[in-house]
Amino acid sequence: MADHADASPGDDEVDEDSHQQGHDHGREQEHGDDHSHSDSHGDQGHGGNRDDHDHGHGHEHDHDHDHDHDHDHDHDHHHHDVETLGVAVVTVSSSRSLDDDPAGDAIQSAVETEGHEVVTRDLIGDSFDGVQGTVDHLVGREDVDTVVTTGGTGVTPDDVTVEAVRPLFEKRLPGFGELFRRLSYDEIGTKVVGTRAVAGIADGVPVFCLPGSENAATLGAEEIVVHEAGHLAGLARRDDD
Numbered sequence: 003m004a005d006h007a008d009a010s011p012g013d014d015e016v017d018e019d020s021h022q023q024g025h026d027h028g029r030e031q032e033h034g035d036d037h038s039h040s041d042s043h044g045d046q047g048h049g050g051n052r053d054d055h056d057h058g059h060g061h062e063h064d065h066d067h068d069h070d071h072d073h074d075h076d077h078d079h080h081h082h083d084v085e086t087l088g089v090a091v092v093t094v095s096s097s098r099s100l101d102d103d104p105a106g107d108a109i110q111s112a113v114e115t116e117g118h119e120v121v122t123r124d125l126i127g128d129s130f131d132g133v134q135g136t137v138d139h140l141v142g143r144e145d146v147d148t149v150v151t152t153g154g155t156g157v158t159p160d161d162v163t164v165e166a167v168r169p170l171f172e173k174r175l176p177g178f179g180e181l182f183r184r185l186s187y188d189e190i191g192t193k194v195v196g197t198r199a200v201a202g203i204a205d206g207v208p209v210f211c212l213p214g215s216e217n218a219a220t221l222g223a224e225e226i227v228v229h230e231a232g233h234l235a236g237l238a239r240r241d242d243d
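Under the numbering used here, the first residue of the sequence shown is numbered 3, with each subsequent residue one higher.
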């Protein structure tokens with residue numbers, strides 16, 4: 003039985019050249035504009051109005067205080083992040099093998115490029131019980147911090163990954179599917195409606211379900227999974243600390 007996730011509109015048509023879009027977007031904004039206001043109060047010199055002079059310093063002090071507060075908040079927010087992830091990659095397909103698995107290879111490459119480790123690669127046929135049992139087993143392993151599946155997210159009768167994995171979620175992450183489809187829309191337009199990429203937390207472990215094509219797997223892994231999995235894994239396990 004073929005992995006019909008490759009045949010779904012969202013699986014085959016993501017342009018390979020687009021995978022790096024969105025990196026570092028918005029990081030070019032600096033704090034320089036904020037400092038210019040307080041600096042202008044000091045231009046009057048020592049002979050200027052003392053109240054204005056003091057106001058300038060007060061503004062700078064408040065800004066520094068706010069900056070320190072934001073820094074502390076950000077540090078606390080990311081304190082529990084898992085820095086080096088153990089990732090399980092599951093390919094759902096009845097026609098592939100681990101020797102011929104470009105989507106799984108793409109996910110592994112993205113994971114390892116970011117300094118994480120793929121601790122296992124599994125290949126499962128298009129079987130509800132097989133997919134559900136495999137993911138359920140993996141989230142219970144001590145060395146697995148994140149599970150990424152590829153395949154079975156389309157709309158054909160054989161595409162059962164979403165139906166198999168979703169009952170395992172104690173919390174769903176709808177933003178993942180929304181963002182994946184948003185990124186895919188830039189390349190394939192309205193055909194993204196045929197893609198059902200989902201994610202959630204199962205037994206304290208983030209699980210991401212990507213389409214079966216190499217392009218779609220690369221897009222999801224490089225643009226979303228490797229950037230958010232460590233943070234999500236840390237947050238999901240905070241109560242265990």
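Quick reminder that beta carbons are idealized off the backbone N, C-alpha and C, glycines included.
Subject >> Extent of the continuous beta strand (DSSP E) to which F210 belongs >> reply: 207-212
Original post:
Can you tell me where the beta strand (DSSP E) with T115 in it begins and where it stops?
Top reply: Counting along the chain, T115 falls outside any beta strand (DSSP E), though it belongs to the alpha helix (DSSP H) covering 104-115.
Subject >> Residues that DSSP places opposite E119 in a beta bridge >> reply: G88
Subject >> Selection from T192, E180, I190 that minimises the alpha carbon distance to V200 >> reply: E180
**OP:** Would you kindly work out how many angstroms separate the C-alpha atoms of H75 and V113, rounded to a whole number?
**Re:** Note on H75: pLDDT 46, under 50, position unreliable in the model; the coordinate value appears next. About 28 Å.
**OP:** Alpha carbon to alpha carbon, how far is A223 from E230? Give it in angstroms, no decimals.
**Re:** 10 Å
Original post:
Which residues in the same chain have their Cβ closer than 6 Å to the Cβ of D147, if we skip the five residues on either side of it in sequence?
Top reply: V84, L87, G88, A235
**OP:** Starting from T152, follow the beta strand (DSSP E) in both directions and report where the run begins and ends.
**Re:** 148-152
Original post:
By Cβ distance below 6 Å, which residues in the same chain neighbour T122 in space, the five residues on each side in sequence not counted?
Top reply: A90
**OP:** Would you please verify whether the beta carbon of S186 is less than 8 Å from any beta carbon of chain D?
**Re:** Going by chain labels, chain D is absent from the structure shown, which holds only one protein chain.
Original post:
Buried or exposed: where does R198 fall if 16 or more other Cβ atoms within 10 Å of its Cβ makes it buried?
Top reply: buried
Original post:
At which residues does the beta strand (DSSP E) containing A201 begin and terminate?
Top reply: 200-204
**OP:** For H118, count neighbouring Cβ atoms within 10 angstroms of its own Cβ and tell me buried if that reaches 16, exposed if not.
**Re:** buried
Original post:
DSSP on R239, reduced to helix/strand/coil?
Top reply: coil
**OP:** Decide if E216 is buried, meaning its Cβ has at least 16 other Cβ atoms within 10 Å, or exposed.
**Re:** buried
Original post:
Is the segment 124-139 touching the segment 163-171 in the sense that three or more CB pairs, one from each, lie closer than 8 Å?
Top reply: yes
Original post:
Taking the alpha carbon of T152 as the point to measure from, which residue in G177, D128, G191 has its own alpha carbon closest?
Top reply: D128
Original post:
Among R98, T163, D102, V194, which residue has its Cα nearest to the Cα of F210?
Top reply: T163
Subject >> Selection from S97, E116, R174, A105 that minimises the alpha carbon distance to D160 >> reply: S97
Subject >> Residue burial classification, D54 (beta-carbon count within 10 angstroms, cutoff 16) >> reply: In this predicted model, D54 has a pLDDT of only 46, less than 50, meaning its place in the structure is not dependable; the value taken from the coordinates is given anyway. Exposed.
Subject >> Contact set for G206: own chain, Cβ-Cβ below 6 Å, skip 5 residues either direction >> reply: A238, R239
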